[in-house]
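Take a look at the structure set out below.
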Amino acid sequence: NAGVTQTPKFRVLKTGQSMTLLCAQDMNHEYMYWYRQDPGMGLRLIHYSVGEGTTAKGEVPDGYNVSRLKKQNFLLGLESAAPSQTSVYFCASSYIRSPLAKNIQYFGAGTRLSVL
Amino acid sequence: GEDVEQSLFLSVREGDSSVINCTYTDSSSTYLYWYKQEPGAGLQLLTYIFSNMDMKQDQRLTVLLNKKDKHLSLRIADTQTGDSAIYFCAEHGNKLVFGAGTILRVKS
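Respectively, the protein sequence lines represent chains L and A. Mapping of the first sequence onto the working numbering: position 78 corresponds to residue 74, and the numbering continues sequentially without gaps. Add 409 to a position in the second sequence, counting from 1, and you land on the number used in the working numbering.
Dropping the structure here:
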């Protein structure tokens, strides 16, 4: 049982290049999330998904796109990378029984992205 | 909007107790969480508390919640070098909001 797997673990891009980060979970969770982690700022939500075929914007969605074609996968795309997108990206998934139920998120190990 | 504040850094000696504090603004929070992040890894849930509880104990961990003051704390008894990590507080109201994290350094 792998949990949440992110690929790649590290990547260096030049400004203007594009890339896709892949997140896969094997827990049959409905909810999936993409966060970025920057020093002193904690985790900020980029986009999230409440089920296959659905996506929604989080706190900092600009410059990113996402897709959830399969329940187990959540892709994060950068169409034209900028130095401001240098960060550590985390994917998470969770099972939420109802809106007021607890939301325990399971995290991947992260992707360190540098944009030069 | 919702906000979660934590102190940036805490240093303790091995064997001492550590207390990490957190304040939040969302009075509609239903659950509050503590996550641990070890170097090079993702966040892992340590413990959580429901908003109608004052305290929760789980082995070396004690969570205290003061709902009136919107203050949450995590006490780690007999702190070990393996407890060195970043600790994140998170509150769940309309959405899950994380604090910036507290770096715990344990000196042997």
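Just so you know, even glycine gets a beta-carbon here, dropped at the ideal spot from N, CA and C. Just so it is clear, the structure is predicted and the values come from calculations on it, not from any experiment.
message: Can you pull out the residues from the segment 16 to 42 of chain L whose beta carbon lies closer than 7 Å to at least one beta carbon of chain A?
response: G36, M37, G38 and L39
task: Check the Cβ-Cβ distances between G502 of chain A and every residue of chain L, and say whether any is below 8 Å.
output: For this step, residue 502 of chain A is matched to residue 93 along the second sequence. Output row for G502 of chain A: interface = no.
Range of the contiguous beta strand (DSSP E) that encloses D463 of chain A: By one-based count along the second sequence, residue 463 of chain A stands at place 54. Run containing D463 of chain A: none; DSSP gives neither H nor E here.
message: Less than 6 Å between C-beta atoms, sequence neighbours within five positions excluded: which residues of the same chain meet that for S437 of chain A?
response: The sequence position of residue 437 of chain A within the second sequence is 28, counting from 1. If we look at S437 of chain A and ignore the five residues flanking it on each side, its Cβ neighbours are G502.
- prompt: Under a three-way DSSP split, which group does D492 of chain A fall into?
  reply: Here residue 492 of chain A refers to the residue found at position 83 when the second sequence is read from its first residue. D492 of chain A: helix per DSSP, three-state reduction.
message: Using a Cβ-Cβ cutoff of 9 Å, what residues of the segment 469 to 485 of chain A are near chain L? List them in chain order.
response: none
- request: Could you name the residues of the same chain whose beta carbon sits closer than 7 Å to that of P4 of chain L, not counting the 5 residues immediately before and after it, in chain order?
  value: In the first sequence, residue 4 of chain L corresponds to position 8, counting from 1. Contacts found: T107.
task: Go through its chain and collect everything with a Cβ distance to H10 of chain L's Cβ below 7 Å, but skip five positions before and after it.
output: Here the question's residue 10 of chain L lines up with position 14 in the first sequence. The sequence shown places Lys at residue 10 of chain L, rather than the His named in the question. The answer, listed in chain order, is L112.
query: Looking only at its own chain, which residues have a Cβ that is under 6 Å from the Cβ of A(-2) of chain L, when we skip the five neighbours before and after it?
result: Residue -2 of chain L sits at position 2 when you count from the first residue of the first sequence. Residues D22 of the same chain have their beta carbon placed closer than 6 Å to that of A(-2) of chain L, with the five preceding and five following residues left out of the count.
field: Y433 of chain A: contacting residues in chain L (beta-carbon distance under 8 Å)
entry: By 1-based counting over the second sequence, the position of residue 433 of chain A is 24. Residues of chain L with a Cβ closer than 8 Å to the Cβ of Y433 of chain A do not exist, since the nearest Cβ in that chain sits about 12 Å away.
message: Looking at Q489 of chain A: is its Cβ nearer than 8 Å to the Cβ of V515 of chain A?
response: In the second sequence, residue 489 of chain A corresponds to position 80, counting from 1. In the second sequence, residue 515 of chain A corresponds to position 106, counting from 1. Yes, they are a contact pair.
Option in A:T432, A:D412 and A:S426 with minimal Cα separation from N475 of chain A: Position 66 of the second sequence holds residue 475 of chain A. Taking only the C-alpha atoms, the option nearest N475 of chain A is A:T432.
Element boundaries [beta strand (DSSP E), containing A88 of chain L]: By 1-based counting over the first sequence, the position of residue 88 of chain L is 92. Looking at the DSSP string, the run of the beta strand (DSSP E) that includes A88 of chain L is S83 to S90.
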